[in-house]
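A.B. asks: Each residue of the sequence shown is one higher than the one before, starting from 18 at the first, in my numbering.
Have a look at this one.
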Amino acid sequence: MKVTDVKTLAVDCFRTNWIFVKIYTDEGITGVGEATLEYKEKALIGAVEHIKEYLVGKNPLTIEKHYHDIYRDAYWRGGAVLMSALSAVEMALWDILGKHLGVPVYQLLGGKVNDRVRIYVNGWFAGAKSPEEFAHKAKEAVKRGITAMKWDPFGKSYMEISNEDLNRALSCVAAVREAVGDQVDLLIEGHGRFDVPTGIKIAKELAPFKPMVFEEPVPPDNLEALKAVRDKSPVAISAGERLYTLRAYKDLFEQRAADYIQPDISHAGGIMELRKIAAVAEAYYIPFSPHNPSGPVANAATLQLAACCPNFCILEIMSSDVDWRKDVTNEALAYQDGYMTIPDKPGLGIEICEEECLKHPYQPHTLRHYTGALTDIRPAKTEFYF
Numbered sequence: 018m019k020v021t022d023v024k025t026l027a028v029d030c031f032r033t034n035w036i037f038v039k040i041y042t043d044e045g046i047t048g049v050g051e052a053t054l055e056y057k058e059k060a061l062i063g064a065v066e067h068i069k070e071y072l073v074g075k076n077p078l079t080i081e082k083h084y085h086d087i088y089r090d091a092y093w094r095g096g097a098v099l100m101s102a103l104s105a106v107e108m109a110l111w112d113i114l115g116k117h118l119g120v121p122v123y124q125l126l127g128g129k130v131n132d133r134v135r136i137y138v139n140g141w142f143a144g145a146k147s148p149e150e151f152a153h154k155a156k157e158a159v160k161r162g163i164t165a166m167k168w169d170p171f172g173k174s175y176m177e178i179s180n181e182d183l184n185r186a187l188s189c190v191a192a193v194r195e196a197v198g199d200q201v202d203l204l205i206e207g208h209g210r211f212d213v214p215t216g217i218k219i220a221k222e223l224a225p226f227k228p229m230v231f232e233e234p235v236p237p238d239n240l241e242a243l244k245a246v247r248d249k250s251p252v253a254i255s256a257g258e259r260l261y262t263l264r265a266y267k268d269l270f271e272q273r274a275a276d277y278i279q280p281d282i283s284h285a286g287g288i289m290e291l292r293k294i295a296a297v298a299e300a301y302y303i304p305f306s307p308h309n310p311s312g313p314v315a316n317a318a319t320l321q322l323a324a325c326c327p328n329f330c331i332l333e334i335m336s337s338d339v340d341w342r343k344d345v346t347n348e349a350l351a352y353q354d355g356y357m358t359i360p361d362k363p364g365l366g367i368e369i370c371e372e373e374c375l376k377h378p379y380q381p382h383t384l385r386h387y388t389g390a391l392t393d394i395r396p397a398k399t400e401f402y403f
């Protein structure tokens, strides 16, 4: 079997653009991956084109060799753009191998530990501004069987936060906690916003609301700062969505800088690299909680991975999305009582409809995290899609 082509498909999805990668072979088997990289999609597409030059004509089944050679030959190793491109290609190669052998990818990684996985939802708050609006939307999510939810209540704050803005954020957290009760887990997102003393201050203020985690309290490029917050935080700290490869995680583990790890399958190196990261985390007794706010292909791949990790804890997923999510792939999610079932189809168990993808071409979108528009994550009147 030989690779004959590698294509990228950019699909507008309101807050960003999904970037799907499709690999073709001379035996008619295709594989799909996802490299969604918010707001830097053009650079990503160029990186995939470089990988295509290497991959066409080669056997797609020797995945570990291709991963090693592509990573090695990039020379400027790591980083969001190169690693996202490599992650999507690696994902698609696993899809091809699973289809070639007629088994789901999880079977190739040792088989199931989990038949289903617990999820927490992101995006449930779309359009909410006031604590009352957040509380209302949280209640609606719980009616759908949601048992864990995440959001960023910190507005436009960066590095520091005024007492007024902190009180506003805490009012929002208090309103949601009151609305959903103690049986629902709350995950508070920091988006790498704060300096060390501010991160510690916020963590202490969050403690009475019993959050499951305070995520990424400081920027991702200084693990010593993350550890400084974790050491003085009364609540669990999660991080890792902007770390790439096992090498970066090695430093996090050795410093014990986080209580939960959140590598992203579309950025940190793909399926096998995340499997390795999860395995090392298992030795440190650190729960594995993958970052997963992107599109349907990344979600399908992450579900396959979650099936075979003994230290898997909880999986992020978007609760709502653009209407055409159901058209661009054949995604069929089985959700009940806060859990999502692992699908058993060969490969990743998902296919892209190229014709539908082309109906929603690339649109420029910009970062909203420091503009006050962070909750405008979906179009008005968007409903749960699973």
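Every residue, glycine too, gets a C-beta built ideally from N, C-alpha and C.
Any contact of the segment 376-394 with the segment 129-136, i.e. 3+ C-beta pairs under 8 Å?
C.D. replies: No, because fewer than three Cβ pairs between the segment 376-394 and the segment 129-136 fall closer than 8 Å, the two stretches do not touch.
A.B. asks: Give a yes or no on contact between the segment 284-295 and the segment 81-92, applying the rule of three or more CB pairs nearer than 8 Å.
C.D. replies: The segment 284-295 makes contact with the segment 81-92, as at least three CB pairs between them are under 8 Å.
A.B. asks: Taking its Cβ as the centre, do 16 or more other Cβ atoms sit within 10 Å of K19, making it buried, or is it exposed?
C.D. replies: Exposed.
A.B. asks: Looking at the structure shown, is S306 part of a helix, part of a strand, or coil, going by DSSP?
C.D. replies: coil
A.B. asks: Would you report the Cα separation of T47 and L110, rounded to the nearest angstrom?
C.D. replies: 9 Å
A.B. asks: From which residue to which residue does the alpha helix (DSSP H) around A191 run?
C.D. replies: N180 to V197
A.B. asks: Going by DSSP, what residue range makes up the alpha helix (DSSP H) through D90?
C.D. replies: Element bounds for D90: I80 to D90.
A.B. asks: Report, in whole angstroms, the separation of the C-beta atoms of V235 and G257, which I expect to be a contact under 8 Å.
C.D. replies: The Cβ separation is near 13 Å, so there is no contact.
A.B. asks: Under 8 Å from any heavy atom of the ligand SAH, does the C-beta of K227 make it?
C.D. replies: The ligand SAH is not part of the structure shown, which contains no ligands of any sort.
A.B. asks: So D281 packs on H308, CB below 8 Å; how close in whole Å?
C.D. replies: Sure, about 4 Å apart at Cβ, within 8 Å.
A.B. asks: Grouping DSSP H, G and I as helix and E and B as strand, with all else coil, what is M357?
C.D. replies: strand
A.B. asks: Near S188, which residues of its chain fall below 6 Å by C-beta distance, leaving aside the five closest residues on each side in sequence?
C.D. replies: P148
A.B. asks: Looking only at its own chain, which residues have a Cβ that is under 8 Å from the Cβ of G115, when we skip the five neighbours before and after it?
C.D. replies: P121, V122, Q124, L125, P363, G364 and L365
A.B. asks: State the start and end residues of the unbroken beta strand (DSSP E) segment that holds A256.
C.D. replies: Where A256 is concerned, the enclosing beta strand (DSSP E) stretches over I254 to A256.
A.B. asks: Am I right that A220 and V246 are in contact with their C-beta atoms under 8 Å? What's the rounded C-beta distance?
C.D. replies: 6 Å
A.B. asks: For N139, which of helix, strand or coil comes out of DSSP?
C.D. replies: strand
A.B. asks: By how many angstroms is the C-alpha of K293 removed from the C-alpha of A324?
C.D. replies: 14 Å
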